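Please read the structure below before turning to the comments.
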């Protein structure tokens, strides 16, 4: 906006000067016509005087002298008018140049607006992608948690009365690593969600900062360009200073995201020293060179003669082309230790220097691209560096997502192993139940079962006063004749014994199964 206001003020000033010069030219023309009329009157008077009397010869000579003076004055006025016309033409040229610069600024603003819209659309797409990923992970986590809770509740409710203390301790040892994995998985998901929110907010802030930096860079570039126009000797390392300023404002970190003046030696021992090396994801690099000569451009902006301006502009275009060819011949991408694309950034610290060169030679940009050289001004380079910073941000997010996927895979494998161990526990419990049912049938099944025979001993020996448990005596008195299928069905429908009453008959079988399950749990926990 500041640049547009300055250009508008310049246009208004030039129009005012042009109108003033037009009025002055009109006034001078009127004076010349008036003086021509006076001259003609004097000539008529002189002719009439020559015809009337030779005595007025001296007066005629005086009139001739006056006529010569008037002609000299007329010539001076004519030259002055010609100078005013040339000055007007120069002002018109300056006005046209200001209009061209205004069009270039408008084009640059449109390009930046398009880039801003692209970044916003990309940010919205990334936000939708991460939200979908986060929602999917939350759903998977909830499903796994619910499935685990349902499975654990079913197993605990069905088999809680048959677990010994040792089985519970083994189960706790088996579940502890899984609980830790689930807790770590939950923290990781929450961390990704928080980081995604922070990065979305940071991206909006950076887009605003990019607009402010563009305006500030434009103002400073104009100020520096003005200073350079006034002082032709102000060259030196100024381009490198502007490059350093752009790198600092891009948000990249010196030493980790880019390095300055890196010295590299090729296989032939020739040393190369680019002004800046920008690091990209996957160990790639971008090369930036800022050693472009602006001597001819300085003469161009300070020239007072049009011929001198054209010659200086021609030399400026030639210097730009020579620098492009020189950078193309350096082959930075072939140096050891650099994984750079074929393209090299040629940094031009003054926007108008590149614009004037491009106006003089419209094929300059195409020649640079054909030589694998990208010409970058402070505005375009700052935009490119902000894209590099976004690439690093996306790389970090991808690393977090990959790590989260690996963590989810490990949790899934742990759950699979845990369910396998649970299945082994169920099989052990089923085997213990089968052994118990078989032993019970041996005690109570059949007309000559062991319980009934023991009660008959009690009837024959009244001295035996202790009674067997009521549960077994009642089942034995039924005297059911079990076959194999009926006995199996009876075993499945029989109520479970209290732990104290069944301890003597099943301690060996259950203890053996518990020991096997505990060893399996310890192996899974260590795994």
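In my numbering, the protein residues as written are 1458 to 1984.
Cβ atoms here follow ideal geometry from the backbone N, Cα and C, with glycine treated the same way.
From a predicted model like this one, the values you see are computed outputs, not experimental measurements.
Asked, Found
"Taking residue 1893 as part of the alpha helix (DSSP H), name the residues at either end of that continuous run.", "1835 to 1901"
"Does DSSP classify residue 1495 as helix, strand or coil?", "helix"
"Considering Cα atoms alone, identify which of 1501, 1589, 1895, 1528 is closest to residue 1492.", "1528"
"Please report the straight-line C-alpha distance between residue 1572 and residue 1482, rounded to a whole angstrom.", "49 Å"
"Take the Cβ of residue 1751 as the centre, count every other Cβ of all protein chains shown within 10 Å, and call the residue buried at 16 or more, exposed below.", "buried"
"Which same chain residues, not among the five before or five after residue 1609, have their C-beta less than 7 Å away from its C-beta?", "Confidence at residue 1609 is low in this model, with a pLDDT of 49, below 50, so its placement is unreliable and the value that follows should be read with caution. Answer for residue 1609: no residue qualifies."
"Assuming residue 1744 and residue 1822 make a contact with CB atoms under 8 Å, what is their CB distance in whole Å?", "No, residue 1744 and residue 1822 are not in contact; Cβ-Cβ is about 19 Å, not under 8 Å."
"Quick one: is residue 1510 buried, meaning 16 or more other Cβ sit within 10 Å of its Cβ, or exposed?", "exposed"
"I'd like the span of the beta strand (DSSP E) that includes residue 1710, first residue to last.", "First-last for residue 1710: undefined, no H or E at that position."
"For residue 1833, which residues from the same chain have a beta carbon less than 6 Å from its beta carbon, with the 5 sequence-adjacent residues on both sides left out?", "1802, 1804"
"Would you kindly work out how many angstroms separate the C-alpha atoms of residue 1684 and residue 1810, rounded to a whole number?", "Low local confidence applies: a pLDDT of 48 at residue 1684 is under 50, so the model's placement there is unreliable, with the coordinate-based value given in what follows. Taking the straight line joining both Cα atoms gives about 14 Å."
"In terms of DSSP beta bridges, what is residue 1802 paired with?", "1745, 1831"
"In the DSSP output, which residue or residues are listed as bridge partners for residue 1721?", "1729"
"Among all the DSSP beta bridges, which residues are the ones paired with residue 1736?", "1742"
"Hey, residue 1704 and residue 1733 are a contact pair by Cβ (cut 8 Å); roughly how many whole angstroms apart?", "6 Å"
"Taking its Cβ as the centre, do 16 or more other Cβ atoms sit within 10 Å of residue 1713, making it buried, or is it exposed?", "exposed"
"Identify whether residue 1704 lies in helix, strand or coil by the three-state DSSP scheme.", "helix"
"Tell me which residues share the same chain as residue 1561 and place their Cβ nearer than 7 Å to its Cβ, disregarding the 5 neighbours each side in the sequence.", "1812"
"Do residue 1842 and residue 1707 have their CB atoms nearer than 8 Å?", "yes"
"Can you tell me whether DSSP reads residue 1818 as helix, strand or coil?", "coil"
"Note down the Cα distance separating residue 1582 from residue 1836, rounded to an integer number of angstroms.", "26 Å"
"Residue 1465: which of 1519, 1542, 1557, 1544 sits nearest, CA to CA?", "1557"
"Are the beta-carbon atoms of residue 1737 and residue 1848 separated by less than 8 Å?", "yes"
"Buried or exposed: which applies to residue 1586, given that a residue is buried once 16 or more other Cβ atoms fall within 10 Å of its Cβ?", "exposed"
"Evaluate residue 1897 with the Cβ neighbour count: other Cβ atoms within 10 Å of its Cβ, from every protein chain shown; 16 or more gives buried, anything less gives exposed.", "buried"
"Counting only the same chain and skipping the five closest in sequence on each side, list residues whose C-beta sits under 7 Å from that of residue 1531.", "1489, 1492"
"What is the residue span of the alpha helix (DSSP H) that residue 1754 lies within?", "1752 to 1759"
"CB-CB under 6 Å to residue 1474, same chain, minus the five flanking residues each way: which ones, in chain order?", "1548"
"Taking C-alpha atoms, which residue in 1780, 1578, 1584, 1791 lies nearest to residue 1741?", "1791"
"Using only the alpha-carbon positions, how far apart do residue 1534 and residue 1476 sit?", "19 Å"
"For residue 1566 and residue 1735, I'd like the C-alpha separation in whole angstroms.", "26 Å"
"Within 10 angstroms of its Cβ, does residue 1696 collect 16 or more other Cβ (buried), or is it exposed?", "buried"
"Using the three-state DSSP reduction, which class does residue 1561 fall into: helix, strand or coil?", "helix"
"With residue 1757 and residue 1776 assumed to form a contact (beta carbons below 8 Å), what rounded beta-carbon distance in angstroms separates them?", "Between residue 1776 and residue 1757 the Cβ distance is about 11 Å, and since that is not below 8 Å, they are no contact."
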